[in-house]
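2 protein chains.
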Amino acid sequence: MTVSSPLFTDLYQLTMMQGYHAHGLHREEAVFDLYFRKPPFRGGFAVWAGLEPALDLLEGLHFSEDDLAYLDSLGLFRPDFLDALRGWRFRGRVTAFREGSVVFPHEPLLTVKAPLWEAQLVETALLNVLNFQTLVATKAARCVLAAEASPYGGQIVEFGARRAQGPDGAVSAARAAFVGGAVGTSNVESGRLFGLPLTGTHAHAWVESFPDELTAFRAYAALYPDATTLLLDTVDTLRSGLPNALKVARELRAAGHELRGVRLDSGDLAYLSCRIRAALDEAGFPEVKIVASNDLSESVIASVIAEGGRVDVYGVGTQLATAGGEGGGALGGVFKLAQLGGVPKMKLTGDPAKSSLPGEKRVWRAADGDGTFALDVLTLGEKPRAGQQVSDPTNPLRSSRLPEGLTWADAREVVLEDGRRTGPAETLGEAQARARADLARLPAGTRRPLNPHLYRVSLGEDVAALRDRIAGELRAHLGA
Amino acid sequence: MTVSSPLFTDLYQLTMMQGYHAHGLHREEAVFDLYFRKPPFRGGFAVWAGLEPALDLLEGLHFSEDDLAYLDSLGLFRPDFLDALRGWRFRGRVTAFREGSVVFPHEPLLTVKAPLWEAQLVETALLNVLNFQTLVATKAARCVLAAEASPYGGQIVEFGARRAQGPDGAVSAARAAFVGGAVGTSNVESGRLFGLPLTGTHAHAWVESFPDELTAFRAYAALYPDATTLLLDTVDTLRSGLPNALKVARELRAAGHELRGVRLDSGDLAYLSCRIRAALDEAGFPEVKIVASNDLSESVIASVIAEGGRVDVYGVGTQLATAGGEGGGALGGVFKLAQLGGVPKMKLTGDPAKSSLPGEKRVWRAADGDGTFALDVLTLGEKPRAGQQVSDPTNPLRSSRLPEGLTWADAREVVLEDGRRTGPAETLGEAQARARADLARLPAGTRRPLNPHLYRVSLGEDVAALRDRIAGELRAHLGA
């Protein structure tokens, strides 16, 4: 995969690296924070994903002779710099949320503390991997929450390889969707790479390849008597697909097997799934699952359920694999310098919302008495205490005092030290379980898909004071 | 890259392959058409891209012993089928538009004629590669058309790796953006893989790593005296960035060099670019380019130009690499069976817009006297003639007669025969030149970014008659 190449980076990272090297700044200890400013999909949270692949990347990064020869060919790099890249590796510390954690705007999700030229190089690749996987895991979680709102339950499977943004986009999406709660994928390569459960039915072309639909259904069931899901809409869902599927279900049962499911891929999914559920139940097949596809999203799923639909498994394709929909498509995560050589740093810019937060910060998460998450607070280290003043990261006028009765936890862990993992990589099952547990601890208003209650991420007094001091110095320097 | 794996496919392609094999259908000659139903971005056209990578994929596809072992582990596949996959390769013919061609809904962009089990396997990977690259090339073309509308001209560079959907998403996007008219990319790996021009400036972190902005600018210019573009907004664009950049421009000139450019990354790009252009011109630096970034898209570019902005180079990131915006994110290309064993096939479904077009079709493109594209017509082979009746693919009631005076060309070529390319792979430069030429031949109304005139793709009488006959037979079978 391309991402293991140190050249998977923006050109300016390399020209700056050479510059740091030339000015003797390259070994200055830098602290960079990775964070986003707005939750995706106009929602209230994100599900953090992609950490383990990002750590794989950091552990494996090195410059091959081919890499150096290509850089040399660009005419921008001096021999002493290219020499210095031989034997280069990432030796930093990474502190991060574990995958599957529910996370919020403005808090550092991952902090790199490393020699400046190491931290600078990895920005592009870290953002690429973490932005996308977090986006897809969040989309999957939103679909799962929508499906589970049905009184009958419902599962999500990822179906989107053919519309995904490149092959790796498909594979990374299948991985991240699983973290967010999808139970499987249709993509075989994703199954192999990550051990994900595979799922599949058959296509319209299968039906068209036989003299008629019933013959096609029988042929498929004969081959996969315990794993057949029949696609109903090649000719006509209710008039042809359904009666033919019922015939095959009876024939399978007579032979000691059970039809696994039927799939709807067009038409009114709420109406059709009700009609089909009733027909299946009446015919004695209450265990046959109804799988639905056709440009699904969390809002389509919610609408199917609101109208009483009886879908058991939602095959979510394009919208999941590309994390589409309003506020989707990309997560705007950034990677900003917070400290260099022990000196806190920030960029001001013309837009206050794009200012960064200086200093080496810790993220504390508070839970109330029943375990529900209450708020997160960033400090320069100390655990927050009741009565302390905290303020909004983008609006200093909004401040409040921390209440009593909260339980505080350090929300992140050191996951890489001297460029090596501090422990074994987590499994995707662990990440998925964490997402499920964290989502259950979200305030209900924050879990809401649209117009959510915005979960509070606040600055401790120390961070706020540091920011105000540095911003003041920068403005003073301007004579403003 | 994952896409070279035959397992980069949906599970059902493999279960169907086994089924075709078991029923002796696998060697039946199948014809599948790849097409889309709606242009992306609510526009009037798409720029076809990704063909050469798709052909690489088809030429290289084979099952390794590892692949077979994984399939065996799934418990779905029989030894005789897995044996048959040893030595399997794609032996079909592919007829397609060349990359960079401007294409429209409902016309077959690529047709696979191959033994059924070969055509079935490749569906997922072909759609993945071609959907995404066509989407991005189209987005790039829209940005290029927007930028070139300025009286001063303007260029597009691709900047989006950090927000792209996976590393391969970034790399494929850089390639496709170049086909659509972008002049370069910031991503080094994309540059290496495809020989694309690389472009870059420096980041805010560079400025923050020095005692002050001027020192940082000087340090960068000293290293890259002929390739320096200075980022102006770390502190304050007009009060700090601009005067410091002017100082460095003068110093460079005194030393026999020229500052290449300045970059804006926040604020009002129209206003700032005018102010900065005036200041640069007044100071004797009319050749210094103004580069702008900050969540650009074709509509933002158009708005900057409409307000008199003076940007020379637009660095388009997220919106280009993820092909975002309304009607973006994914191209809904599909791959549908049109003929099997010489017998035309179609699927009806409940939704007429989702019906497929039967038969082995040829795509003819007509140009009028000045070379402007007039309409495309699908026939079963014959060249269209003036006076013939043609009809709309989705609405049979809309029909007309072909006018005199059109020049007809067969729009596609046989690019693969017996699974091997019929000639050398085209270069990206050729594809980019074709896109430029084709875009210039589009009717102006169709080139319009929003509410375009819909270019006409029509069915010849033979295709329309075939479709009506088969649809009639399918409905008769239903007793409808």
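Quick mapping for you: the protein sequence lines, in order, are chains P and X.
Read in the working numbering, the first sequence has 384 at position 384, and its numbers run on one by one without any break.
For the working numbering, add 1000 to where a residue sits in the second sequence, where the first one is 1.
Each residue gets a CB set at the ideal place from its N, CA and C atoms; glycine is no exception.
Less than 8 Å separating the beta-carbons of V122/P and L51/P? no
Closest by C-alpha distance to V1311/X, when choosing among L1269/X, A1323/X, G1327/X, F1335/X: L1269/X
Helix, strand or coil: which one does DSSP assign to P1344/X? strand
Measuring alpha carbon to alpha carbon, tell me which residue in R1447/X, A1255/X, Y1020/X is nearest E1148/X. R1447/X
Grab me the residues of P1396/X's own chain with a C-beta within less than 8 Å of its C-beta, minus the 5 sequence neighbours each way, in chain order. A1464, D1468
Give a yes or no on whether 8 Å exceeds the smallest Cβ distance from N244/P to chain X. no
I want to see whether chain P comes within less than 8 Å of Q1155/X, judged by CB atoms only; does it? no
E1298/X to G1325/X, Cα distance in whole Å? 9 Å
From V207/P, L428/P, P40/P, pick the residue whose C-alpha is nearest to that of L1025/X; which is it? V207/P
Answer with yes or no whether the minimum CB distance from S293/P to chain X is below 8 Å. no
Complete runs of the beta strand (DSSP E) confined to the stretch 346 to 383 of chain P [at least 3 residues]: 362 to 367, 373 to 379
Report the residue from R218/P, R263/P, L55/P whose alpha carbon sits nearest the alpha carbon of A96/P. L55/P
Any beta carbon of chain X sitting closer than 8 Å to that of Q389/P? no
Rounded to whole angstroms, what's the CA-CA distance from G1381/X to D1462/X? Just pull it up for me. 9 Å
Are the C-beta atoms of V1235/X and some chain P residue less than 8 Å apart? yes
Interface residues of chain X around G195/P at Cβ under 7 Å? Per Cβ cutoff of 7 Å: no residues; G195/P is ~11 Å from chain X at best.
Which residue marks the beginning of the beta strand (DSSP E) containing E1417/X, and which one marks its end? 1413 to 1417
Does the distance from the C-beta atom of Q18/P to that of Q120/P stay below 8 Å? no
With H, G and I counted as helix, E and B as strand and the rest as coil, what does DSSP make of S1273/X? helix
By the criterion of Cβ-Cβ separation under 7 Å, what are the contact partners of M1016/X in chain P? H202, A203, W206
Between the C-alpha atoms of D233/P and L1337/X, what's the straight-line distance to the nearest angstrom? 15 Å
Which same chain residues, not among the five before or five after T1009/X, have their C-beta less than 7 Å away from its C-beta? L1121, T1124, A1125
Delimiting residues of the alpha helix (DSSP H) encompassing R250/P: 242 to 254
Between T2/P and chain X, is any beta-carbon pair separated by less than 8 Å? A caution first: T2/P carries a pLDDT of 43, below 50, which makes its placement in the model too unreliable to give a value.
Proximal residues of chain P, C-beta to C-beta of F1178/X below 8 Å: Here the premise fails: no neighbours, minimum Cβ distance about 15 Å.
Looking only at its own chain, which residues have a Cβ that is under 6 Å from the Cβ of T2/P, when we skip the five neighbours before and after it? Because T2/P carries a pLDDT of 43, less than 50, the predicted location of this residue cannot be relied on, and the following value inherits that uncertainty. For T2/P, where only same-chain residues beyond five positions count, the Cβ hits under 6 Å are F8.
Straight-line Cα distance separating K38/P from M16/P: 28 Å
Cutoff 7 Å; reference L1082/X; Cβ partners in own chain excluding five residues on either side: L1068, L1071, D1072
Closer than 9 Å between beta carbons: that is the criterion. Which residues of the stretch 1113 to 1134 of chain X meet it against chain P? L1116, A1119, Q1120, E1123, T1124, A1125, L1126, L1127, N1128, V1129, N1131, F1132, Q1133
Among H1106/X, L1259/X, G1445/X, the one whose alpha carbon lies nearest that of E1036/X: Reading off the sequence shown, one finds Phe at residue 1036/X, where the question assumed Glu. Checked all of H1106/X, L1259/X, G1445/X; the closest Cα to F1036/X is H1106/X.
Any idea what DSSP makes of E1189/X, helix, strand or coil? helix
Straight-line Cα distance separating G405/P from G371/P: 11 Å
For the beta strand (DSSP E) holding S399/P, just list the boundary residues, first then last. 399 to 401
So Y1220/X contacts chain P; which residues on that side make the cut at Cβ distance below 9 Å? T15, M16, G19
State the DSSP-derived secondary structure class of E52/P, mapped to helix, strand or coil. helix
T1228/X by DSSP, collapsed to three states: which one? coil
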